[in-house]
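In the working numbering, the protein residues as written are 890 to 1270. Glycine residues also receive a C-beta, built at the ideal position from the N, C-alpha and C atoms.
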Amino acid sequence: MVTKDDFLLNKDIFFFNNGSYGACPKVVFDKYQEWQRITEFQPVKFFQKDLIPALQYSRKLIGEFINADYDDLILIRNATFATNIIIHSLDLTPDDEVILTNHEYGACRNAWEFWQQEKGFTIRDIEFDLPIPSPESIINEFEKIVTKNTKVIFFSQISSLTAQLFPAKQICGFAREHGIISIVDGAHSVGQFPLNIQELDPDFLFSNIHKWLYAPKGTAFLYTRKNLQYKVKPLITGWGWGSKRELPSGSDYVDTNQFYGTNDFSSFLTIPDAIAFYRDNNVLELKRECNALLQYFIEESTKITGKQSLYSKLPDCLMMAVIEIPDKYETLELKVILLNQYKIEIPVLEWGNRKLIRISIQIFNKKSEVDYFLSMLKQLF
Ligand SMILES: Cc1ncc(COP(=O)(O)O)c(C=O)c1O
890 MVTKDDFLLN KDIFFFNNGS YGACPKVVFD KYQEWQRITE FQPVKFFQKD
940 LIPALQYSRK LIGEFINADY DDLILIRNAT FATNIIIHSL DLTPDDEVIL
990 TNHEYGACRN AWEFWQQEKG FTIRDIEFDL PIPSPESIIN EFEKIVTKNT
1040 KVIFFSQISS LTAQLFPAKQ ICGFAREHGI ISIVDGAHSV GQFPLNIQEL
1090 DPDFLFSNIH KWLYAPKGTA FLYTRKNLQY KVKPLITGWG WGSKRELPSG
1140 SDYVDTNQFY GTNDFSSFLT IPDAIAFYRD NNVLELKREC NALLQYFIEE
1190 STKITGKQSL YSKLPDCLMM AVIEIPDKYE TLELKVILLN QYKIEIPVLE
1240 WGNRKLIRIS IQIFNKKSEV DYFLSMLKQL F
């Protein structure tokens, strides 16, 4: 049985915030440190001989995990990085429109707004209030906003602030029908959602392996559809580019984006171990229990807060959910009370004019911890 002892987390804290940065199991972290030692032991051999095949092996395994050709994947540090590579690469002009939703992650929205200043395109927002009635209602809103100038739809498959599952397959299909590029922010997807790239068929999709798939921090991938790979420009140009490139992997798209100079690649090389942890511990099965606990938390907490659930129906893949709370405390004030007085680490957020708490149930969270949190909520509200 997996417990918190299998992770490096502080045992004095009730940890309900896997969503922000993930949690790395000890066995994977040991491998991470082993790769750092291997790097230091014989650095020249490591960088010049061993690194590229090891990176390729990591890409291969994550490719198998998400049913993607591994040559369509590059390993990058995180979702923010991926967002920037994509926007930087697209030839957007002042005539073009990009659609975002009001559920996007702040850093990614910043990236869009930064590049908007550089390139002059227009950002158009779709607002989805909660609870979202159905996947069809989402597509209807996209239908309404699209114009002949729409070039890109950017959306989170599982949103950060609101923990909603967006129907990625339908949205990508809709974009394709309209000749629009689809970019899926799947920061929370891999390990939480059963990702299948062939089935989803996005133009771009990126995901943090460090959030829900147990890799150390700074481990992510970017998938790009083959016919768009020629567009992908590196944010930093180095040995991977040009006719005299070193360390070639056989693909321009991979080479130009995989080697940004001397760096610590260890986290990328633990991907096989992170996937092994997921498989060996039958996380697919354990996720069902996490989802049931999430459902239980929503039912019990809404009795305390007197607020409606923010889901028409909680999707059964989710390990993270939000509840609305009464406007009794400032968000930061409540977060500090929860952490300092009750030892509960959990995000308290403001979204539109609502105050939300986002709970993550990872495989180490127990019902007794959820019950403790519910009893604290009862005292506070
Ligand atoms: C939906 C979403 N997108 C992007 C990010 C950014 O991830 P990172 O900080 O790893 O770049 C996050 C982080 O929580 C997120 O939740």
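In the DSSP annotation of this structure, the continuous segment of the alpha helix (DSSP H) that includes residue 1191 starts and ends at 1172-1194.
Judged by their CB atoms, residue 968 and residue 1074 are nearer to each other than the 8 Å cut-off. Excluding sequence positions up to five before and after residue 1236, its CB lies within less than 8 Å of the CB of 906, 908, 909, 1224, 1246, 1247, all in the same chain and listed in chain order. Non-local beta-carbon contacts of residue 1180 in its own chain, meaning distances under 8 Å to residues more than five positions away in sequence, involve 1203, 1205, 1206, 1207, 1208, 1250 in chain order. Counting of Cβ neighbours within 10 angstroms places residue 1022 among the exposed residues, the total staying below 16.
At a cut-off of 7 Å, the beta-carbon of residue 1077 counts as near ligand 1: some heavy atom of the ligand is closer than that. A direct Cα-Cα distance of roughly 20 Å separates residue 1137 from residue 951.
Cα atoms of residue 904 and residue 1040: separation of roughly 41 Å, rounded to the nearest angstrom. Distances from the CB of residue 1049 to the heavy atoms of ligand 1 include at least one below 7 Å.
Contiguous beta strand (DSSP E) elements confined to the stretch 1194-1231 occur at 1209-1214, taking only those with 3 or more residues. By the neighbour-count criterion, in which a residue is buried when 16 or more other Cβ atoms sit within 10 angstroms of its Cβ, residue 1119 is exposed. Around the beta-carbon of residue 1046, 16 or more other beta-carbon atoms lie within 10 Å, marking it buried. Ranking 1222, 1198, 1166 by CA distance to the CA of residue 920 puts 1166 first. If you check the C-beta of residue 1249 against ligand 1, you find no heavy atom less than 7 Å away. Rounded to whole angstroms, residue 897 and residue 1034 show a C-alpha spacing of 46 Å.
Secondary structure remark: continuous beta strand (DSSP E) runs of at least 3 residues inside the stretch 1105-1156, in chain order: 1109-1113.
The beta-carbon separation of residue 1000 and residue 976, rounded to 6 Å, stays under the 8 Å limit for a contact.
For residue 892, the secondary structure class from DSSP, reduced to helix, strand or coil, is coil.
DSSP places residue 958 outside any beta strand (DSSP E), giving it a letter other than H or E. Cα atoms of residue 974 and residue 1086: separation of roughly 20 Å, rounded to the nearest angstrom. Secondary structure in the stretch 1039-1077: the alpha helix (DSSP H) runs of 4 residues or longer, each lying completely within the stretch, are 1057-1066 in chain order. Contiguous beta strand (DSSP E) elements confined to the stretch 945-1013 occur at 962-965, 986-990, taking only those with 3 or more residues. Cβ atoms of residue 1061 and residue 1090 come within 8 Å of each other, at about 6 Å. Counting along the chain, residue 1237 sits inside the beta strand (DSSP E) bounded by residues 1237-1240. Sequence-distant Cβ neighbours of residue 1076 in its own chain, meaning closer than 6 Å and more than five residues away, are 968, 1097. With 16 or more other Cβ atoms inside 10 Å of its own Cβ, residue 1176 counts as buried.
Counting C-beta pairs closer than 8 Å gives fewer than three between the stretch 976-995 and the stretch 1152-1164, which falls short of the contact rule. Per DSSP, the unbroken alpha helix (DSSP H) holding residue 1100 starts and ends at 1098-1101. One thing to note: residue 1270 has its Cβ within 8 Å of the Cβ of residue 1194. With contacts defined by Cβ atoms closer than 8 Å, residue 987 and residue 1170 do not form a contacting pair. For residue 1160, the enclosing alpha helix (DSSP H) has its first and last residue at 1160-1169.
With contacts defined by Cβ atoms closer than 8 Å, residue 1072 and residue 1043 form a contacting pair. In the three-state DSSP reduction, residue 1234 falls in the strand class (E or B). If you look at residue 1244, you'll find it in the beta strand (DSSP E) that goes 1243-1249. In the three-state reduction of the DSSP assignment, residue 1015 falls in the strand class, which pools E and B.
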